[in-house]
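Student: The structure that follows is given in the form of structure tokens.
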Amino acid sequence: MKKKVYKFFVAGPPNAGKTTFVQTVSEIIPLDTDVKSKDRKTTVAFDFGVITIDSEREIHIYGLPGQDRFSFIWEIVRNGALGFIYLIPATGYDILDIMTHYRTLIKIANLPHVIAVTKVDLKPLETGDIFQIANTLGMDDREIFTLDPRNKMDVKSTIERLIEKILFLLR
Ligand SMILES: Nc1nc2c(ncn2[C@@H]2O[C@H](COP(=O)(O)OP(=O)(O)OP(=O)(O)O)[C@@H](O)[C@H]2O)c(=O)[nH]1
Ligand SMILES: [Mg+2]
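Reminder that position 51 of the sequence shown reads as 105 in the working numbering, one-by-one numbering, no gaps.
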């Protein structure tokens with residue numbers, strides 16, 4: 055029998071931890087399309103992973119490329135998606151760049167989403183950072199979390215938060 059698929063994706067600026075997020079939670083060996091770029095690897099198409107819910111249902115999770123020159127991929131991946139997780143790296147982000155990136159994405163994919171700040175182990179958040187992000191992106195600051203994409207429990211609870219938000223919006 056064909057399984058019911060729930061599709062989500064992970065978005066955010068370059069180097070935010072999107073590929074890591076998919077790799078941490080996927081049960082299959084995740085597809086990644088990272089290539090070497092300068093001193094690190096970057097995604098040029100998308101990541102893909104699978105999480106089984108039960109014998110009839112599974113979650114498909116995609117990681118978008120962060121660079122907006124690949125935004126045509128965002129358009130492909132958004133089709134059929136229920137919502138997304140938007141990651142922001144705490145390490146030296148520029149809030150205006152984030153705003154532009156986020157708005158470009160919302161124009162392409164106006165779907166339910168949650169926001170999570172990564173890399174707080176490398177650069178702890180300062181008082182007011184979460185509030186500034188919430189304010190700039192037009193979100194409630196209670197909907198913004200921190201997350202380590204290398205940590206399976208963190209990743210799973212972020213996906214749960216997204217599902218709870220989608221269910222809340224459907225009420
Ligand atoms: N210390 C630390 N490292 C992290 C964290 N999240 C991601 N990383 C590391 O950051 C690097 C970049 O992560 P990726 O998952 O490739 O980032 P990405 O968002 O997919 O990047 P693009 O595909 O270029 O958009 C990897 O070496 C990760 O292990 C974090 O919370 N803390
Ligand atoms: Mg990537």
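Every residue, glycine too, gets a C-beta built ideally from N, C-alpha and C. Since we're looking at a predicted model, the values are computed, not measured.
#1: Buried or exposed: which applies to SER80, given that a residue is buried once 16 or more other Cβ atoms fall within 10 Å of its Cβ?
#2: Can you tell me the Cα-Cα spacing of ILE184 and ILE107, whole angstroms?
#3: Please check the pair PRO84 and PHE102, which I expect to be a contact at CB under 8 angstroms, by giving their CB distance rounded to whole angstroms.
#4: Near GLN121, which residues of its chain fall below 6 angstroms by C-beta distance, leaving aside the five closest residues on each side in sequence?
#5: CB of ASP202 to nearest heavy atom of ligand 2: below 7 angstroms?
#6: According to the neighbour-count rule (16 or more other Cβ atoms, all chains shown, within 10 Å of its Cβ), is ILE198 buried or exposed?
#7: Counting pairs of beta carbons, one from the segment 85 to 102 and one from the segment 189 to 208, are three or more of them closer than 8 angstroms?
Tutor: Walking through what the data contain:
#1: Mapped onto the sequence shown, residue 80 falls at position 26. Its Cβ being crowded by 16 or more others within 10 Å, SER80 is buried.
#2: By 1-based counting over the sequence shown, the position of residue 184 is 130. By 1-based counting over the sequence shown, the position of residue 107 is 53. Rounded to whole angstroms, ILE184 to ILE107 spans 32 angstroms at the Cα level.
#3: Reading the sequence shown from its first residue, position 30 is the one you call residue 84. Reading the sequence shown from its first residue, position 48 is the one you call residue 102. 6 angstroms between Cβ atoms; contact.
#4: Mapped onto the sequence shown, residue 121 falls at position 67. The residues are PRO68.
#5: Within the sequence shown, numbered from 1, the residue matching residue 202 stands at position 148. The answer is no for ASP202.
#6: In the sequence shown, the residue the question calls residue 198 occupies position 144. Classification for ILE198: buried.
#7: Short answer: they don't touch.
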